């Protein structure tokens with residue numbers, strides 16, 4: 145997989161920040177966001193399900209099929225995860241901050 149992809153069938157944007165030495169230990173689902181994590185807790189992957197709805201909620205007037213590049217940075221705090229999602233579209237750039245509460249129900253996906 146490239147560093148990012150859009151799966152039109154599932155309407156999901158998938159972004160990987162995994163290095164060669166990183167091994168995904170598991171995933172955590174918070175709402176429509178799935179985070180892939182290493183054993184050390186480093187976030188190395190991000191999936192946004194229902195991307196079309198997500199873009200509308202974030203006032204992004206672009207189509208996920210038009211993403212040219214995408215990446216993210218993540219900072220973990222005791223009660224939340226802050227993610228800066230950066231996407232380059234054909235005609236524009238968008239940076240979206242995501243604040244994910246770790247106090248909310250999370251589903252661990254093995």
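Residue numbers (our numbering): 145 to 254.
Cβ coordinates follow ideal geometry from the N, Cα and C atoms, glycine included.
Owing to the predicted nature of the structure, the values given are computational and were not obtained by experimental measurement.
As assigned by DSSP and simplified to three states, the class of residue i
i, result
"residue 200", "helix"
"residue 155", "coil"
"residue 223", "coil"
"residue 214", "strand"
"residue 160", "strand"
Nearest neighbour of residue i, chosen from the options [CA to CA]
i, options, result
"residue 192", "163, 202, 185, 183", "202"
"residue 225", "198, 155, 184, 174", "174"
"residue 241", "215, 170, 194", "215"
Cβ distance (whole Å) where residue i is taken to contact residue j below 8 Å
i, j, result
"residue 235", "residue 204", "That pair is no contact at about 12 Å."
7 Å Cβ cutoff met for residue i and residue j
i, j, result
"residue 150", "residue 209", "yes"
"residue 195", "residue 156", "yes"
Continuous beta strand (DSSP E) stretch holding residue i: start and end
i, result
"residue 247", "Unbroken run through residue 247: none, as it is neither H nor E."
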